[in-house]
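This report concerns only the one structure given below.
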Amino acid sequence: MDWQKELNSSFSWLLTALFYVSLALVVLALVLHSTSFGKKFWLITKPCVEKSQAYKIIGLVLLLLTLILLEVRISVLNSFFYNGLYSSLQKQQAEAFWFFAGLNALLVMFKIIHSIINYFVRQLFEIRWLEKLNDDMVTRWLCHKNYYRLKYEKDLPDNIDQRIEQDARDFISGTVSMLQGLINSVVSTIEFTIILWGLSGLLVLLGVPIPKGVVFFIYIFIIVATALSVWIGHPLIKLNFEKERLNGDYRYSLIRVRENAESIAFYSGEEKERWNLQAKFNSIIHNRWAIVRRMLGLDGFNTGITQTAMILPLMLQAPRFFAGQVSLGDMHQTVQAFNRLMRALSFFRLFYEEFTLYQARLNRLYGFFTKLDELDNLEIHQPTECSNRVSLHNFGIKDGNDRVLLKNLNVDLQNGDALLIQGPSGVGKTSLLKAIAGIYPFDTEGVVERPCSNSLFLPQRPYMPQGTLHEAICYPNITPQRGELELAMEQCRLSKYIPSLNESNDWQAILSPGELQRVAFIRIILMQPDVILLDETTSALDEPTEELLYKIIRSRFPNMIILSVGHRCTLQQFHNKRLVL
């Protein structure tokens with residue numbers, strides 16, 4: 035076989051291969067589009083494909099394909115150059131040896147450059163894709179308060195943080211690896227089959243002469259090995275999906291212990307937490323042993339196949355070599371072609387474990403997106419009218435099981451009114467506040483009149499985001515002057531934290547429950563809303579501080595409408611109306 039012809043035809047080969055590979059990918063996409071796999075894949079990737087960026091995406095994909103094909107071509111040329119190198123050694127032709135040694139050195143340099151460019155382009159492609167996918171996932175998760183509504187779903191997707199951070203990243207890298215491996219294996223199979231066909235002669239097995247028998251033998255060998263590997267490894271799909279879920283559950287349980295450390299310490303619940311964590315960890319270990327048992331067979335089988343392939347081509351070609359029909363270079367090229375062909379044909383066998391993980395991530399991301407689609411298409415009936423007052427007309431609410439919590443409520447609050455809502459625990463006080471605020475996740479009956487903007491809902495434990503204390507207090511978008519903020523902190527008895535305003539810390543954990551509730555009143559002072567809804571927002575405060583804060587609000591904002599949920603009788607003095615549920 036002529037190495038010069040192969041070298042000179044490389045450019046035309048690259049263009050031809052790029053055309054046919056691109057065409058094959060288009061056909062493959064059309065075929066997969068109607069399958070379950072294709073529908074899941076398209077649902078996840080569709081938001082990342084912007085029409086304005088279509089040409090850039092196509093250009094980047096073509097560049098990736100070119101680099102994949104170039105790697106195959108380098109391997110083909112490498113096999114021819116090594117053939118010449120070993121043949122010159124056998125013939126003791128020093129000049130030819132150094133010539134081919136030089137060609138191989140140049141090819142090595144070219145391969146290094148190709149490897150660097152290939153790595154950069156692949157990372158560029160993956161990073162750009164990850165930016166788009168992460169933006170879409172986070173935006174849709176936060177949009178329409180889906181992050182909040184998901185809490186009330188019966189089939190809540192587990193470990194959403196893991197799906198957004200880890201599964202998205204691994205899905206993208208897995209897609210690129212699978213595409214790269216698929217193209218490389220198909221093209222390599224074609225190219226090295228042609229090479230092996232040219233090197234093969236008559237193979238005699240058990241007295242039966244087989245023309246080009248080496249080629250047929252390797253195809254039978256690899257196809258049987260691949261089928262057996264898939265059969266052995268098929269249960270790994272379910273096991274790896276379960277592995278991702280169990281690891282996420284265990285990590286979430288550890289986070290809950292950290293976030294609720296104080297409560298656990300007060301209850302002396304360490305032993306109970308250790309038991310719960312151990313139970314979840316035992317599930318992980320049980321799953322891991324199941325994977326290990328399955329992998330013992332799969333890994334042992336793959337190792338045996340790989341080791342057999344190292345000596346098998348030499349054994350098949352040895353009779354022809356000793357008969358003088360092939361050279362030492364041909365023997366070396368046969369080994370190279372055989373191993374490259376085996377690696378290409380074994381792509382799905384060797385990639386099977388990774389593919390099971392890939393399929394698990396695809397299903398997890400698909401579950402995340404389909405649940406968001408359900409929420410986006412779910413119409414929640416909550417009749418609301420914009421007004422400068424707060425009124426309920428024959429109002430009622432139900433829970434997620436369609437059980438009636440409240441019905442036929444009629445309330446009318448004008449500027450300056452303050453309503454205290456009381457009743458036994460679980461009767462629906464907090465649900466009523468959420469419905470008035472517009473964040474109740476289920477249907478309501480009747481009509482709510484309220485200001486459509488400039489209202490503030492404050493839960494029992496106010497949220498403090500990560501960052502400086504200044505940023506945490508002014509969450510989400512309060513922009514006071516420094517003096518206004520310091521004055522509000524002094525009025526709400528948090529002046530000791532003024533020197534720490536620019537310090538970044540976990541303020542949610544550092545501040546006591548009472549201090550967090552004082553932060554809620556600082557936000558009221560700074561935002562000056564028309565309506566505030568307080569859900570036991572003073573439950574952790576002593577009565578004198580509670581009285582001080584309510585008096586500040588009533589004196590500074592006499593026209594503000596206040597709706598409070600609380601159990602203390604002392605709250606009645608700050609409200610002119612009372613609703614008992």
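The numbering of the sequence shown is our numbering, which starts it at 35 and goes up by one. Ideal Cβ placement from N, Cα and C applies to all residues, glycine included.
Per the coordinates, the alpha-carbon of Ile150 lies some 24 Å from the alpha-carbon of Ser46.
The beta carbon of Tyr584 is closer than 6 Å to those of Phe608 in its chain, skipping five residues each way along the sequence.
Burial check for Leu158: the Cβ neighbour count within 10 Å stays below 16, so the residue is exposed. Counting only runs of at least 3 residues, the region 144-172 fully encloses no beta strand (DSSP E) element at all. Following the DSSP letters along the chain, one finds Arg612 inside the beta strand (DSSP E) bounded by residues 611-614. Burial check for Asn449: the Cβ neighbour count within 10 Å stays below 16, so the residue is exposed. Considering only Arg183, Leu99, Cys177, Asn112, the residue with the shortest C-alpha distance to Tyr153 is Leu99. Membership of Leu447 in the beta strand (DSSP E) is indicated by the continuous run 438-447. In terms of Cβ geometry, Lys314 and Tyr284 form a close pair [threshold 7 Å]. Going by beta carbons, Glu483 and Ser538 fall outside the 7 Å limit. Taking every protein chain shown into account, the CB of Glu549 has 16 or more other CB atoms within 10 angstroms, so this residue is buried. The three-state reading of DSSP puts Lys125 in coil, since its state is none of H, G, I, E or B. As DSSP reads the structure, Lys432 sits in a beta bridge with Val438. Residue environment for Asp36: exposed (fewer than 16 other C-beta atoms within 10 angstroms of its C-beta). Taken in chain order, the whole alpha helix (DSSP H) runs of length 4 or more contained in the region 298-361 are 304-356.
Residue pairing by DSSP puts His427 in a beta bridge opposite Val481. Within the same chain, Cβ atoms closer than 6 Å to the Cβ of Lys441 are found at Gly430, the five residues on either side in sequence being excluded. In chain order, Pro347 place their CB closer than 6 Å to the CB of Val369, counting only its own chain and leaving out the 5 sequence neighbours on each side.
Phe275 is not a Cβ neighbour of Leu399, given a cutoff of 7 Å. Asn397 and Glu388 have their C-alpha atoms some 14 Å from each other.
Residue pairing by DSSP places Gly501 opposite Asn539 in a beta bridge.
Just measuring C-alpha positions, the residue of Gly363, Ser487, Asp436, Leu167 sitting nearest Ile198 is Leu167. Note that the C-beta distance between Gln124 and Leu362 is below 7 Å. Three or more beta-carbon pairs separated by less than 8 Å are not found between the region 407-415 and the region 255-270, which leaves the two stretches without contact. With the rule of 3 Cβ pairs closer than 8 Å, the region 298-305 does not count as touching the region 212-228.
Looking from the CA of Pro510, the closest CA among Val326, Arg557, Leu568, Met523 belongs to Arg557.
The shortest CA-to-CA distance from Glu505 to any of Leu519, Gln494, Asn428, Arg495 is the one to Leu519. The beta carbon of Leu490 sits closer than 8 Å to the beta carbons of Arg557, Ile558, Met561, Pro563, Val565, Ile566, Leu567 from its chain, once the five residues preceding and following it are set aside; these are given in chain order. For Gly480 and Ile596, the gap between their C-alpha atoms comes out near 21 Å.
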